[in-house]
Each structure stands twice: as structure tokens, then as C-alpha cells.
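Protein chains in written order, with the numbering used here: chain F, 430 to 635; chain Z, 430 to 635.
Have a look at this one:
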């Protein structure tokens, strides 16, 4: 399945979580498509990939669809996540309220700066980088978030893979090599800005 | 053009910038596809959308392709960007080295906390929120980055649109309404983690 499809499933889930919090029980594919700005047919096609959830003319039961999407995305369970690099971005992530209840728990952070060791941020202890392998072993974390300077990223990614990490959320560098079988998602903030600049110049042309 | 295509163009551009920095002059679509982990046919199809850049059997001239992609993405010019919210994430963005030379310049930051006003972070002055409209007028910024608590996001988005901002990079909340014609890109960190959890559970099934 293409990344783009998985990304749309996340977008549906975010919107559904919002509807559920607002006490809304049913939603049509058309409504869902308007929130997300994709076609209603695309929504139905995406959701049909995983079975028949909607009822013709009545749409989807919000809590059921949330449940299905979480099962598809693998977040009906909670993943323990290790943060590598407790700089400013790392701190922001440790305090980020959006993980709770969505299947991800930051269980530890490491940083090469020993002065940070022992500090607690957002309820999570920062520990020295040397403890990385032991932390992964102890917590059974399978996912890591990498927020270190670009120059340190490849070495640390290698250590993470060596220690058994299977998925890396990479904020550090556009160019990171991981072996087949290890998954990587790259948060490229410049690329998000390029989405906007592309739309703005397309506007001008149109 | 779908967001997913624009996202791939950004990924090609990141890889090409890396190759250029390493002194590599030519690249084939197959090489490019391996770096990005998409099919070579997809790469050729994406690049053919915008004209004939490659030479059969020789591939692409790296600097030319960079130039073409920047023109397509609208980043051969520099976009002035205003940051709204100078919290920990905001600070990290002000110090982010990845914008320079890629067509985006953070020209100002605003924050509702007056104690931050006057501080300089990453060479950018933090100013009081009240100055927002004046800053946008003065700098001609068309893009804003929103890194405020979710509860404040919609009001501030409204102000940005009212002040003439045409593109919002939204870190704040999954649910933000902007009028047609205003473009929004949402950085959903949970969605990036869901990409990983999806792949990990798919691994288990396969």
C-alpha cells in the first residue's frame, strides 16, 4: 500500500477523533471528504480496501470507523517510542500532547549532553546516550524518533537498527540509509513548505 | 496535481541537493528511485510531467534537474515566512538550518508572551502578537507557520488569512478551517508514527 494511502487513513482518523470528541456519532463519506479535501469516491475507495464499514445512505458510525482505522494502522495497541536527541525539537516532542491516547508513548529520551541527564521533561527522563541500547532492551521499544544534528544521524540510526529498532521517525536528515526491513518516515519541514509554494505559484499560473 | 506527487518532487529535490553537495553531476532515474524507494518508472513519469529533462542512457544532469524542480516548486525565489508561536517548537524552527538556500526565509516571529518580545533566536526577532498584521504588511510575507496551542489556532489562522497570508504550515491542530484559495499543509507527527506502526503490523501479517 502506498504511503499516500496510509497518510489519508491518518487524516480520516484525525478528523474522526475530532468528531467523536464533539459528540458526533455518524458521518458520511462526503462529509469526511470535505474535511480532508479529497474526493468522496476516494474516501469510499480507501475505506473499502479494508472491508465494508459504511451503510448506504447512513454513512459510517464514527466510533466503529475509529476502531477499524486504529486496527489497520496498528495503533489499537500502544507502541513504546524512544527519543534520540533532547534538543529544542526533542523537548517540544516530549511535551507534545498529541501522542496520548493515539497509540504512542515516549518511554525514554537520550542525549549526548551529560548535563541533561536526569532531567525530566513532559514526565520522561532524559538519560545519557550510552544507555541507548539498554533502554531499548528494557522497554522493548520498536520505534525511535531521531532529532539529532544531521552529522550524527547515520551513526545513531545504525546503533538503533543494531539494537533492534524497526521503525525510525527521522527529523534529522533527508539522507539516511537503513537496511531493508527497517522502516523510516522522514519529517521534511521544507517539503511541507514546498507544498505551499507549489500551490501559490500554481495559483498564479491558473 | 495530487499532494503525493508534489511530495515526491520534494524528495527528489532533497536527494539531488545531497548529490550536488557530494559533487555528483549525473544521476539516472533508477539511482534516484533507489534513494527514494519508489519505482524508476514512477520517477520518470513524475519528471516527464514537466517536460523532457533526461537523456536516454545518460540520465539527468543534477544541477539542471535541481533548477527545474525549484522552478516547478516555486522555490527559485525566496518566500518570506512569518512564524506564529515562539514556544519550544517555534524556537527549534527558528534555528532550523534546513531552510537556508531552499527558498524560505523566516523573517519574523510573534508570540503572545510579552516576556519573549525583543529576544532574537536564530537571527530572527520575536515580537509581540499585536504586531502580526503590521509585520505581514511590512514584510510582504505570504506564508505563515503556525506553532501555537490547538485552542488558539483557529483564531490566529483567521487573523493570518485576514492579513493576507495565502499559505499556512500548520503544526497546531488537525482541524483548522481556512477559506478556499488559502492553502494549508498540516504537519501531523502522529501520522508519521502511524506510517511506521502500519508498516510494522503489515510486516507481521506478511
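Positions of the beta carbon are idealized from the N, C-alpha and C atoms, including for glycine. Because the structure is a prediction, the values reported are computed rather than measured.
Residue(s) in a DSSP beta bridge with residue i
| i | result |
| --- | --- |
| residue 533/F | 508/F |
| residue 490/Z | 455/Z |
| residue 540/F | 557/F |
| residue 550/F | 553/F |
| residue 447/F | According to DSSP, residue 447/F bridges with nothing at all. |
| residue 599/Z | 575/Z, 615/Z |
| residue 513/F | 539/F, 575/F |
| residue 484/Z | 488/Z |
Inter-residue spacing [alpha-carbon to alpha-carbon] between residue i and residue j
| i | j | result |
| --- | --- | --- |
| residue 433/Z | residue 623/F | 12 Å |
| residue 619/F | residue 444/Z | 13 Å |
| residue 616/Z | residue 553/Z | 22 Å |
| residue 461/F | residue 494/F | 12 Å |
| residue 587/F | residue 608/F | 9 Å |
| residue 549/F | residue 534/F | 15 Å |
| residue 611/Z | residue 589/Z | 10 Å |
| residue 455/F | residue 503/Z | 41 Å |
| residue 551/F | residue 505/Z | 40 Å |
| residue 431/Z | residue 563/F | 43 Å |
| residue 628/Z | residue 438/F | 13 Å |
| residue 518/Z | residue 522/F | 8 Å |
| residue 531/Z | residue 442/Z | 10 Å |
| residue 473/Z | residue 466/Z | 14 Å |
| residue 649/Z | residue 440/Z | For chain Z, the structure presents residues 430 to 635; residue 649/Z sits outside this window and is missing. |
| residue 597/Z | residue 613/Z | 5 Å |
| residue 582/Z | residue 526/F | 15 Å |
| residue 621/Z | residue 528/F | 11 Å |
| residue 585/Z | residue 470/F | 33 Å |
| residue 448/Z | residue 436/F | 28 Å |
| residue 520/Z | residue 463/F | 33 Å |
| residue 558/F | residue 514/F | 9 Å |
| residue 478/F | residue 484/Z | 39 Å |
| residue 458/F | residue 497/F | 15 Å |
| residue 516/Z | residue 516/F | 13 Å |
| residue 565/F | residue 593/F | 8 Å |
| residue 446/Z | residue 453/Z | 10 Å |
| residue 488/F | residue 632/F | 34 Å |
| residue 524/Z | residue 451/Z | 24 Å |
| residue 595/Z | residue 595/F | 39 Å |
| residue 630/F | residue 630/Z | 39 Å |
Burial state of residue i (16 or more Cβ within 10 Å)
| i | result |
| --- | --- |
| residue 560/Z | exposed |
| residue 468/Z | exposed |
| residue 476/Z | buried |
| residue 635/F | At residue 635/F the pLDDT is 45, less than 50, meaning the model places this residue with poor confidence and gives no usable figure here. |
| residue 591/Z | exposed |
| residue 580/F | exposed |
| residue 491/F | buried |
| residue 625/F | buried |
| residue 371/F | There is simply no residue 371/F to check, as chain F begins at 430 and stops at 635 in what is shown. |
| residue 500/Z | exposed |
| residue 555/F | buried |
Proximity test, residue i beta-carbon vs the ligand NAD heavy atom, cut-off 6 Å
| i | result |
| --- | --- |
| residue 521/Z | With respect to small molecules bound, the structure shown includes none, and the ligand NAD cannot be examined in it. |
Assess, as a yes-or-no matter, whether the region 505-519 of chain Z is touched by the region 565-574 of chain Z under the definition of 3 or more beta carbon pairs within less than 8 Å.
-> Under the Cβ criterion (8 Å, minimum of three pairs), the region 565-574 of chain Z counts as touching the region 505-519 of chain Z.
Can at least three beta-carbon pairs, one atom from the region 534-552 of chain F and one from the region 543-554 of chain Z, be found at a separation below 8 Å?
-> The region 534-552 of chain F vs the region 543-554 of chain Z: no contact.
Evaluate the contact criterion for the region 598-610 of chain F versus the region 575-586 of chain F: three or more CB pairs, one atom per stretch, below 8 Å.
-> By the Cβ criterion, the region 598-610 of chain F is in contact with the region 575-586 of chain F, since at least three pairs of Cβ atoms, one from each stretch, lie closer than 8 Å.
For the region 594-620 of chain F, which residues have a CB atom closer than 7 Å to at least one CB atom of chain Z, in sequence order?
-> Against chain Z - using a Cβ distance shorter than 7 Å - the residues of the region 594-620 of chain F are 595, 596, 598, 603, 604, 612, 614, 616, 617, 618, 619, 620.
Using a Cβ cut-off of 7 Å, which residues of the region 556-578 of chain F contact any Cβ in chain Z, in chain order?
-> Within the region 556-578 of chain F, the qualifying residues are 571, 572.
Closer than 7 Å, Cβ to Cβ, to anything on chain F: give me those residues from the region 451-463 of chain Z, in chain order.
-> None of the residues of the region 451-463 of chain Z has a beta carbon lying less than 7 Å from any beta carbon of chain F.
Check each residue of the region 525-545 of chain F: if its Cβ is closer than 7 Å to any Cβ of chain Z, include it; give the result in chain order.
-> Across the region 525-545 of chain F, CB contacts with chain Z closer than 7 Å involve 525, 527, 528, 531, 532, 533, in sequence order along the chain.
Determine which residues of the region 463-474 of chain Z have a Cβ less than 8 Å from any Cβ of chain F, and write them out in chain order.
-> Taking 8 Å as the cut-off between beta carbons, the residues of the region 463-474 of chain Z near chain F are 464, in sequence order.
Between the region 495-506 of chain Z and chain F, which residues of the former have CB atoms less than 8 Å from a CB of the latter, in chain order?
-> Against chain F - using a Cβ distance shorter than 8 Å - the residues of the region 495-506 of chain Z are 501, 502, 503, 504.
Taking Cβ-Cβ distances below 8 Å as the criterion, which residues of the region 431-444 of chain Z are in contact with chain F?
-> Taken in chain order, the members of the region 431-444 of chain Z whose beta-carbon sits within less than 8 Å of a beta-carbon on chain F are 431, 432, 433, 435, 436, 438, 439, 440, 442, 443, 444.
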